[in-house]
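Residue numbers (our numbering), protein chains in the order written: chain B, 1 to 267; chain V, 1001 to 1267.
2 protein chains.
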Amino acid sequence: MTRSSATAARLDSASGLVTTRERWPGDTLARVDQADRGNGPCGHCDLGTLAFCDGFARRTVTSLMRVQCTLRFEAHDTLFREGDTGVAVFNVVSGAVKVYKLMPDGRRQITGFFFRGDMFGFCLDGDYAYTAEAVTPLSVCRLPMQRLHELSETAPEVQHRILLRMTAKLAQFHDHVLLLGRKTARERVATFLLALSERARRRGDPASPIPLAMGRVDIADYVGLTVETVSRTMTAFKREGLIDLPSPNHVAIPDTQALRAASDGSA
Amino acid sequence: MTRSSATAARLDSASGLVTTRERWPGDTLARVDQADRGNGPCGHCDLGTLAFCDGFARRTVTSLMRVQCTLRFEAHDTLFREGDTGVAVFNVVSGAVKVYKLMPDGRRQITGFFFRGDMFGFCLDGDYAYTAEAVTPLSVCRLPMQRLHELSETAPEVQHRILLRMTAKLAQFHDHVLLLGRKTARERVATFLLALSERARRRGDPASPIPLAMGRVDIADYVGLTVETVSRTMTAFKREGLIDLPSPNHVAIPDTQALRAASDGSA
DNA sequence: CGACCCCTTGAGACCTATCAACACAAGTGG
DNA sequence: CCACTTGTGTTGATAGGTCTCAAGGGGTCG
């Protein structure tokens, strides 16, 4: 699994020594076996229609191929830290990522989870406002922000897609702010599970038995609760038949409408 | 103050009958007296360096002038509602705007305040994810999103500035999510006041005696607390000398560092 | 002057956090 | 193979921060 090269990439990134030098498969920092290369538009991944470059003109795809590269990480690896100079955006090819902010006393708030097809790390002449960490073994497609920006000057389609992703992210934030500011513990957990389910559906995975890539602590730090409250709430949901827990890391939603009702207090 | 035309614009916008037809000063829907026109790059406002079009090439500014128009609203007027088709972005020329989401049972979460120079309403082929309402008498510069997008294909500077605004907004959201998910009541109020102060400073206003354009209820709905808690907290801050309240709507910050310490629990 | 709105203050209730303990699975090393 | 450790999830008892409910003060405006 190209373990050693993945380590090199991780160290490079985690140490803040990210340069603007272009890298691509074959580069010592991010070697990707030929077998790992997918059948997507750019040949870097197999995201299909989820790929950032899906549907772009061949010329554009070619340009993107030159500047992007695939990187691999293990769970708990740090991709970049809050305060690092932001030089690239990432597309998740496989696995899951969490991004979070820390307070001086150690309190943590996870501000987002990213799965296959999701894009994160937007940053324009400035530092990353958060830390990004692999939740599971991870494969990401890395695009230098500057190059992406330059490319978008001649390829409006690229620019439009970036704007689409960012507006979608902004809308997500509005929802999450509502969750954190005004929802009860039950509503938060229900909303979280529904959102996971909906996102799974949108990327073509089954909407109901959903795998929980993250642990209870991460869920708690995302919805602004404690582990205990999350655990108690999920147990309560199971007792009430709102969800099923075949294993601690798998959630089935027998009745979406019922869970939805629990997610905004209309239950 | 062009009351009747402002009413017309409001009704048009609030009723969801926003069209993509270009409008400009002189248009019956958005008449702006000549005296109201500023000395900014486009002649629509006097935002100076805060203006969206500041620093753009003359050709770009001219293009922008053709598609943008200035609108006026009174406090409590609704600019657009959650679910309305998103067709335009707005720049605040004077006054303040709040955007919020409502839950079925009436709970409200304000997700943002916007002041002079701030831009809001980003929306690409989709509906607004929130409602926008004037907090004070308001003057905004309206730019059709579609036109802005078209223009940005030939004027990369426009596109870059949009990206800048959106990444800045994303960073703000990360901070606000941390506030809502992990901060105590004291920390929330302190953070809020500091952010107001900082934003005032950045747009060239004094950082310390800051006017509170919004009431306690709005503050509470923004920081995820109740009015009572906000009021109690501010009273406590005043008692402790962290802030001064010459009037309920004016806050002086004698010691920024002390308030900052209170904003992240390092006090 | 009275109605209304906003802000403030007080007392008690409630939801969630905190602290503590236990179950269970997966390593790890003797 | 077992003892031990570690990590994760669950459950219980208690405490505490914030909400809820209630009332009063001060300003504005008709």
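We put the beta carbon where it would ideally sit given N, CA and C, even for glycine.
Beta-carbon proximity list for residue i, same chain, < 7 Å, skipping 5 on both sides
i       : result
V/D1125 : none
V/K1101 : E1082, Q1109, T1111 and Y1130
Beta-carbon gap between residue i and residue j smaller than 7 Å
i       : j       : result
B/A252  : B/A261  : no
B/R182  : V/Q1257 : no
V/F1080 : V/Y1128 : yes
V/V1089 : V/F1056 : no
V/A1185 : V/T1111 : no
B/R239  : B/V230  : no
V/A1190 : V/S1263 : yes
B/L151  : B/V140  : no
V/V1227 : V/A1220 : yes
B/D218  : V/G1265 : no
B/F173  : V/F1192 : no
B/L164  : B/L259  : no
B/R147  : B/V67   : yes
B/M166  : V/M1166 : yes
Sequence-distant residues of its chain with Cβ nearer than 8 Å to residue i (five each side left out)
i       : result
V/R1203 : L1050, F1115, R1116 and G1117
B/A96   : F113, F114, F115, A134, V135, T136, L138, A213 and M214
V/H1149 : L1124
B/T60   : C53, L151, A155, E157 and V158
V/L1245 : M1234, K1238, V1251 and A1252
B/F120  : V89, F90, V92, V97, V99, G112, F114 and A132
B/H160  : none
Beta-carbon proximity list for residue i, same chain, < 6 Å, skipping 5 on both sides
i       : result
V/R1188 : L1179 and V1223
B/I210  : L196, S197, A200 and V251
V/S1063 : L1151
B/P254  : none
V/R1021 : With a pLDDT of 31 at V/R1021, under the threshold of 50, the modelled position of this residue cannot be trusted, and the question is left open.
V/A1207 : S1197, A1200 and R1201
B/L225  : A185
B/G38   : Because B/G38 carries a pLDDT of 49, less than 50, the predicted location of this residue cannot be relied on, and no value is offered for it.
Straight-line gap, residue i to residue j (C-alpha atoms, nearest Å)
i       : j       : result
B/L143  : V/H1250 : 46 Å
B/G83   : B/L242  : 41 Å
V/P1156 : B/R72   : 33 Å
B/T85   : B/M145  : 11 Å
V/K1098 : V/A1075 : 10 Å
V/C1042 : V/N1091 : 13 Å
B/A14   : B/R58   : In this predicted model, B/A14 has a pLDDT of only 35, less than 50, meaning its place in the structure is not dependable; the value taken from the coordinates is given anyway. So the alpha carbons of these two residues sit roughly 33 Å apart.
B/L11   : B/A132  : Model confidence at B/L11 stands at a pLDDT of 35, short of 50, so the residue's coordinates are unreliable and nothing is read from them.
B/I162  : B/V177  : 22 Å
B/M107  : V/L1170 : Note that residue 107 of chain B is Arg in the sequence shown, not Met. Roughly 21 Å separates the two Cα atoms.
V/M1065 : V/V1093 : 15 Å
V/A1168 : V/D1175 : 11 Å
B/D205  : V/E1153 : 35 Å
Q) Is the region 42-52 of chain B touching the region 108-119 of chain B, taking contact as three or more C-beta pairs under 8 Å? A) Contact between the region 42-52 of chain B and the region 108-119 of chain B is present: three or more C-beta pairs spanning the two stretches fall below 8 Å.
Q: Could you name the residues of the region 1146-1171 of chain V whose beta carbon sits closer than 8 Å to any beta carbon of chain B, in the order they occur along the chain?
A: Going along the region 1146-1171 of chain V in chain order, one finds H1149, S1152, E1153, P1156, Q1159, H1160, I1162, L1163, L1164, M1166, T1167, K1169, L1170 and A1171 with a Cβ nearer than 8 Å to chain B.
Q: Taking a Cβ distance cut-off of 7 Å, strictly less, list which residues of the region 168-194 of chain B are near chain V, in chain order.
A: Taking 7 Å as the Cβ-Cβ cut-off against chain V, the residues of the region 168-194 of chain B that qualify are K169, L170, A171, F173, H174, H176, V177, L178, L180, G181 and R182.
(Q) Using a Cβ-Cβ cutoff of 7 Å, what residues of the region 1133-1144 of chain V are near chain B? List them in chain order. (A) Listed by position, the residues of the region 1133-1144 of chain V near chain B (Cβ gap below 7 Å) amount to none.
Q) Of all the residues that make up the region 1105-1122 of chain V, which are near chain B by a beta-carbon distance shorter than 9 Å? A) Within the region 1105-1122 of chain V, the residues whose Cβ lies closer than 9 Å to any Cβ of chain B are, in chain order, D1105, R1107, R1108, Q1109, I1110, T1111, G1112 and F1122.
**Q.** the region 251-266 of chain B: positions lying closer than 9 Å to chain V by Cβ
**A.** Under the 9 Å Cβ criterion, the region 251-266 of chain B contributes D264, G265 and S266.
Q. If contact means a Cβ-Cβ distance below 7 Å, which residues of the region 1088-1100 of chain V contact chain B?
A. Of all residues in the region 1088-1100 of chain V, none has a Cβ within less than 7 Å of some Cβ in chain B.
Q) For the region 49-72 of chain B, which residues have a CB atom closer than 7 Å to at least one CB atom of chain V, in sequence order? A) Listed by position along the chain: nothing, the set is empty.
Q | Residues of the region 1220-1244 of chain V with Cβ closer than 9 Å to any Cβ of chain B, in chain order | A | Taking 9 Å as the Cβ-Cβ cut-off against chain B, the residues of the region 1220-1244 of chain V that qualify are D1221, Y1222, V1223, G1224 and L1225.
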